[in-house]
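Note that the numbering used here has the sequence shown beginning at 537, numbered continuously upward.
Yeah, the Cβ is synthetic: ideal placement off N, Cα and C, and Gly gets one too.
Notes to accompany the following structure.
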Amino acid sequence: MHIKKNYTAFEMAWWTRFETLLFFIIISVWVALYYFFELSWLKIPWTPLALIGTAVAFVIGFQNNAAYGRIWEARKIWGGIVNTSRTFGLFLQDMITNEYADKPMNQEELQKEIKTITYRHIGWMTALRHAMRANKPWETTANHRTNREWDMRPPEHDTVFSDDIKPYISEEDYAYIAEKSNKQTALLYLQSHHLRILKEKGMIWEFSFLELEGVIQELFTLQGKSERIKNFPYPRHFATLNHFFMWIFVLLLPMALVPQFAQIGIDIRTTAPSIGDLFIWFSIPFYVIVAWIFHTMERIGRTGENPFEGTANDVPISTIARGIEIDLRQNLGEAKVDIPEQFPVKHSTQF
Numbered sequence: 537m538h539i540k541k542n543y544t545a546f547e548m549a550w551w552t553r554f555e556t557l558l559f560f561i562i563i564s565v566w567v568a569l570y571y572f573f574e575l576s577w578l579k580i581p582w583t584p585l586a587l588i589g590t591a592v593a594f595v596i597g598f599q600n601n602a603a604y605g606r607i608w609e610a611r612k613i614w615g616g617i618v619n620t621s622r623t624f625g626l627f628l629q630d631m632i633t634n635e636y637a638d639k640p641m642n643q644e645e646l647q648k649e650i651k652t653i654t655y656r657h658i659g660w661m662t663a664l665r666h667a668m669r670a671n672k673p674w675e676t677t678a679n680h681r682t683n684r685e686w687d688m689r690p691p692e693h694d695t696v697f698s699d700d701i702k703p704y705i706s707e708e709d710y711a712y713i714a715e716k717s718n719k720q721t722a723l724l725y726l727q728s729h730h731l732r733i734l735k736e737k738g739m740i741w742e743f744s745f746l747e748l749e750g751v752i753q754e755l756f757t758l759q760g761k762s763e764r765i766k767n768f769p770y771p772r773h774f775a776t777l778n779h780f781f782m783w784i785f786v787l788l789l790p791m792a793l794v795p796q797f798a799q800i801g802i803d804i805r806t807t808a809p810s811i812g813d814l815f816i817w818f819s820i821p822f823y824v825i826v827a828w829i830f831h832t833m834e835r836i837g838r839t840g841e842n843p844f845e846g847t848a849n850d851v852p853i854s855t856i857a858r859g860i861e862i863d864l865r866q867n868l869g870e871a872k873v874d875i876p877e878q879f880p881v882k883h884s885t886q887f
């Protein structure tokens, strides 16, 4: 699925509690100054503030649309990896045969070849998800204190790459990829080389070899698309300016909101003196609500900019890769006890 976190009202409030408290402090200080020191001159008209608010709403909406587009594209890419992986596993089992072999292998040897290539594919997914989880300078959402206190960490941040991949590839293969900066690409090269050797031995018919190479090509394409999203961030000038614009609006808002509530209080003093005198304090909840909405929408956009960073709103590539592994190994005929379980869900979130 796309957005994995089903936020309850309490979780959303808890996620933004520090900012909400800050908004409460800001407006309380403004109201206290205005009420006790009668700073009626300290105000701005609504017209320029409305223009600023409209502009901020537009840029935040643009940011959220762009962030959602990046998330959705990433999800489609990994959906493609799911389908291509299943097709690859099927082709391997039905295309590696003795039909055209010069020296036929027994069934155990054939199964070993199929298993080696299938496991190497699982290793490729392991290398790719580790590469997608590598920290980039512009990925800062995971460092937010709410993510840290909820321990919102993907599995790749708690394991070592070599320990994760060694169960799926040979020592020779690992020595080969260890020298490469792009290990997932190196594994696809090894896959192609292995298929060519089997073709030369007659274990794979030439037409079948072309089909399998086409699958390898598709995996290269999907890998490249995934790497493009990972390595090309949402333009920082847009992201940074959106954040600044939002805070300019939030900090200027009391200068129009508080005087407006004070004026309403003056107007109703003739009919309800006690309420009219204290009506200015009603600006506090209204300000907190407006500021919370603008800030939360901007923050949601920021959390969706990098769909592989490893936060609650990212594409669950670890879960997807482990699901593919389970499918492939089950179809190899392995016992359930030998197949690893799916990664656990934390706070209703898949990683």
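query: When the Cα of GLU692 is compared with those of MET668, LYS672, ASP709, which residue comes out closest?
result: In the sequence shown, residue 692 corresponds to position 156, counting from 1. Of the candidates MET668, LYS672, ASP709, the one whose C-alpha sits nearest the C-alpha of GLU692 is MET668.
task: Compute the distance between the beta-carbons of MET631 and ILE740, then report whether it is under 7 Å.
output: Along the sequence shown, one-based indexing puts residue 631 at 95. Along the sequence shown, one-based indexing puts residue 740 at 204. Yes, Cβ-Cβ distance for MET631 and ILE740 is below 7 Å.
Own chain partners of ILE816 with C-beta closer than 7 Å, once the 5 adjacent residues on each side are dropped: Taking the sequence shown and counting its residues from 1, the one referred to as residue 816 is at position 280. Closer than 7 Å at Cβ, skipping near neighbours: VAL567, TYR570, TYR571, VAL794, PHE797, ALA798, GLY801.
message: Distance check for ASN778 and VAL595, CA to CA, integer angstroms please.
response: Residue numbering aside, residue 595 sits at position 59 when the sequence shown is read from its first letter. Residue numbering aside, residue 778 sits at position 242 when the sequence shown is read from its first letter. If you take the alpha carbons of VAL595 and ASN778, they lie about 6 Å apart.
- request: Counting only the same chain and skipping the five closest in sequence on each side, list residues whose C-beta sits under 8 Å from that of MET661.
  value: Indexing the sequence shown from 1 puts residue 661 at position 125. Same-chain partners within the cutoff: ILE617, SER621, ALA857, ILE860, GLU861.
- prompt: Beta carbon of ILE853, beta carbon of TRP608: below 7 Å?
  reply: The residue given as residue 853 occupies position 317 in the sequence shown. The residue given as residue 608 occupies position 72 in the sequence shown. Their beta carbons are not under 7 Å apart, which means ILE853 does not touch TRP608 by this criterion.
- request: Spell out the partners DSSP gives LYS882 in its beta bridges.
  value: To locate residue 882, count along the sequence shown from 1; it is residue 346. Answer is THR885, bridged to LYS882.
task: Indicate whether the contact test is met: 3 or more Cβ pairs, each with one atom in the stretch 777-791 and one in the stretch 825-836, closer than 8 Å.
output: yes
query: In angstroms, rounded to a whole number, what distance separates the CA positions of MET537 and SER810?
result: Residue 537 sits at position 1 when you count from the first residue of the sequence shown. Residue 810 sits at position 274 when you count from the first residue of the sequence shown. For MET537, the predicted structure reports a pLDDT of 38, less than 50, and the residue's modelled location is therefore unreliable. A value from the coordinates is still provided. Taking the straight line joining both Cα atoms gives about 54 Å.
- request: Count the C-beta pairs between the stretch 747-762 and the stretch 579-599 that are closer than 8 Å, then say yes if the count reaches three, no if not.
  value: no
message: I'd like to check one pair, ILE563 with ILE784: are the Cβ atoms closer than 7 Å?
response: As a position in the sequence shown, residue 784 is number 248, starting the count at 1. As a position in the sequence shown, residue 563 is number 27, starting the count at 1. Against a cut-off of 7 Å, the Cβ pair of ILE563 and ILE784 comes out as no contact.
- request: Just the C-alpha distance for THR695 and TYR704, rounded to the nearest angstrom, thanks.
  value: Position 159 of the sequence shown, counting from 1, holds the residue named residue 695. Position 168 of the sequence shown, counting from 1, holds the residue named residue 704. Approximately 15 Å between the Cα atoms of the pair.
- prompt: Can you find at least 3 beta carbon pairs, one from the stretch 871-886 and one from the stretch 625-643, that sit closer than 8 Å?
  reply: no
field: Proximity to GLN599 [Cα-Cα], best of ASP850, GLY659, ILE836
entry: To locate residue 599, count along the sequence shown from 1; it is residue 63. Residue ILE836 is the option with its Cα nearest to GLN599.
- request: My understanding is that ARG838 touches THR677, with C-beta atoms under 8 Å, so please give their C-beta distance in whole angstroms.
  value: Counting from one through the sequence shown, the residue named residue 838 turns up at place 302. Counting from one through the sequence shown, the residue named residue 677 turns up at place 141. So it is a contact: roughly 6 Å between Cβ atoms.
task: Can you have a look at VAL873 and say buried or exposed, based on whether 16 or more other CB atoms are within 10 angstroms of its CB?
output: Position 337 of the sequence shown, counted from the start, is the residue given in the question as residue 873. Flag for VAL873 reads exposed.
message: Tell me the DSSP secondary structure of TRP551 in three-state form.
response: Locating residue 551 in the sequence shown gives position 15, where the first residue counts as 1. Helix, per DSSP.
message: Only counting the same chain, and skipping five residues up and downstream in sequence, which positions put a Cβ closer than 7 Å to that of TRP587?
response: Within the sequence shown, numbered from 1, the residue matching residue 587 stands at position 51. Per the sequence presented here, residue 587 reads as Leu, with Trp not at that position. Taken in chain order, the list of residues that qualify is empty.
- prompt: Taking 6 Å as the cut-off, does the CB of ILE752 come closer than this to any heavy atom belonging to the ligand NAP?
  reply: Among the ligands in the structure shown, none appear at all, so the ligand NAP cannot be discussed.
task: Please confirm whether MET833 and VAL592 have their CB atoms less than 7 Å apart.
output: Indexing the sequence shown from 1 puts residue 833 at position 297. Indexing the sequence shown from 1 puts residue 592 at position 56. For MET833 and VAL592, no; Cβs fall outside 7 Å.
- prompt: Considering only residues of the same chain and omitting the five flanking positions on each side of ALA670, which have a CB-CB separation below 6 Å?
  reply: As a working mapping, residue 670 is identified with position 134 in the sequence shown. Here the set comprises nothing.
task: Please say whether LEU748 and LEU726 have beta carbons closer to each other than 7 Å?
output: Your numbering for residue 726 matches position 190 in the sequence shown. Your numbering for residue 748 matches position 212 in the sequence shown. No, the Cβ-Cβ distance between LEU726 and LEU748 is not below 7 Å.
DSSP three-state assignment for ASN634, whether helix, strand or coil: Your numbering for residue 634 matches position 98 in the sequence shown. ASN634: coil per DSSP, three-state reduction.
query: If you follow the alpha helix (DSSP H) that LYS735 is part of, which residue opens it and which one closes it?
result: Locating residue 735 in the sequence shown gives position 199, counting from the first residue. It spans 719-736 - the alpha helix (DSSP H) in which LYS735 sits, taken as one unbroken run.
message: Output needed for ILE653: all residues of its chain with C-beta closer than 7 Å, excluding positions within five of it in sequence on either side, in chain order.
response: In the sequence shown, the residue the question calls residue 653 occupies position 117. Hits under 7 Å: LEU628, GLN727, HIS730.
- request: Would you kindly check if the distance between the Cβ of ASN867 and the Cβ of GLY625 is under 7 Å?
  value: In the sequence shown, the residue the question calls residue 625 occupies position 89. In the sequence shown, the residue the question calls residue 867 occupies position 331. Result yes, Cβ atoms of GLY625 and ASN867 sit closer than 7 Å.
message: Taking the alpha-carbon of GLY738 as reference, which of ARG606, GLU635, ASN601 has the nearest alpha-carbon?
response: The count along the sequence shown starts at 1 and reaches residue 738 at position 202. Of the listed residues, the one whose Cα sits closest to GLY738 is GLU635.
task: Identify the continuous alpha helix (DSSP H) that holds LEU777 and give its terminal residues.
output: What you label residue 777 is simply residue 241 of the sequence shown in a count that begins at 1. Its alpha helix (DSSP H) spans residues 772-804.
message: Beta-carbon within less than 8 Å of LYS651's beta-carbon, same chain only, minus the 5 sequence neighbours each way: which residues are those?
response: As a first step, residue 651 is located in the sequence shown; it is residue number 115 there, counting from the start. Cβ within range, chain order: LEU868.
task: State the start and end residues of the unbroken alpha helix (DSSP H) segment that holds MET833.
output: By one-based count along the sequence shown, residue 833 stands at place 297. Where MET833 is concerned, the enclosing alpha helix (DSSP H) stretches over 819-839.
field: Member of HIS883, GLY840, ASP803, ARG865 whose CA lies at the smallest distance from the CA of GLY597
entry: Position 61 of the sequence shown, counting from 1, holds the residue named residue 597. Closest by alpha carbon: GLY840.
- request: Go through its chain and collect everything with a Cβ distance to GLU675's Cβ below 6 Å, but skip five positions before and after it.
  value: Your numbering for residue 675 matches position 139 in the sequence shown. Contacts found: ASN842, GLU845.
field: ASN767 versus LEU724: straight-line alpha-carbon distance, rounded
entry: Your numbering for residue 767 matches position 231 in the sequence shown. Your numbering for residue 724 matches position 188 in the sequence shown. The straight-line gap from Cα to Cα measures roughly 20 Å.
message: The alpha helix (DSSP H) that contains THR757, what's its start and end?
response: Against the sequence shown, residue 757 aligns to sequence position 221. Element bounds for THR757: 742-767.
- prompt: Within this structure, are the beta carbons of ILE735 and PHE745 separated by less than 7 Å?
  reply: As a working mapping, residue 735 is identified with position 199 in the sequence shown. As a working mapping, residue 745 is identified with position 209 in the sequence shown. First, the amino acid is wrong: residue 735 is Lys here, not Ile. Closer than 7 Å, so yes.
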